[in-house]
């Protein structure tokens, strides 16, 4: 339909040009007839003046002709701009590459390790009074009951510190699990962002039919999965086995029971 419209507009422009040329030829013929009549009727000075005026008129016509052609071309362009459908909007820009996991992982590992230093220092501080009590027992021979009470208190403090150490170790494990979940959903989100970005770009810049839609989706998936900053590929490389099976051609399917990371192509 669009091609037919363009052809019609071009034919219209050619017809207008032909009409202008015909009018110019008719005008020249009329001028020649007028000159012949004037040669027969007018004296020589007036005839020369009239010829000069006619030449000026002819020059003006020759100058106006390209201007008219330019105006016609501008009208044609404006008509095309009005009649042509607007181009599809550009796809959204791809997201920035994912941040490197090393720095965040290092921070999440150092935080509980620094917290672990606190109970260790307290344990060392508690060992000092224990040693002092043993020295007092050996040197001054304190009453046995008082010594036992002090030892029990110190042992209770030691147990509390050990419990604190265990809690901090559990906190560290929890932080590691949160980190894994963060990267899991982070790469999952970025993969779908890339997938629909390439899908939108591909469908707005190419023509697809129903017979090739599956192969087109597979190609789009490959583009999204093998791009330079591919979060999908990064997730597969980050988790590796046994969570994922990696196939560089089309699929990176999750083997977990939820199948949360399954490729949309395979759904």
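In the numbering used here, the protein residues as written are 1207 to 1473. Glycine is no exception: its CB is placed at the ideal position from the N, C-alpha and C atoms.
_Going by DSSP in three states, residue 1249 sits in which element: helix, strand or coil?_
coil
### Task
Grab me the residues of residue 1383's own chain with a C-beta within less than 6 Å of its C-beta, minus the 5 sequence neighbours each way, in chain order.
none
Exercise. Give me the Cα-Cα distance between residue 1367 and residue 1337, rounded to the nearest whole angstrom.
Key: 18 Å
Task: Helix, strand or coil at residue 1370 according to DSSP, with G and I counted as helix - done: helix
Rounded to whole angstroms, what is the Cα-Cα separation between residue 1359 and residue 1317? 30 Å
Self-check item: Nearest residue (CA-CA) to residue 1361, options 1331, 1373, 1377
Solution: 1331
- prompt: Whose CA, out of 1328, 1334, 1235, lies closest to the CA of residue 1369?
  reply: 1328
Determine the direct distance from the alpha carbon of residue 1333 to that of residue 1349, and round the result to whole angstroms. 21 Å
Do you know whose CA, among 1387, 1326, 1319, lies nearest residue 1376's CA?
-> 1319
Query raised in the report: Where residue 1326 and residue 1380 are concerned, what is the direct C-alpha to C-alpha distance, given to the nearest angstrom?
Result: 20 Å
Does the ligand ADP have even one heavy atom less than 6 Å from the beta-carbon of residue 1319?
With respect to small molecules bound, the structure shown includes none, and the ligand ADP cannot be examined in it.
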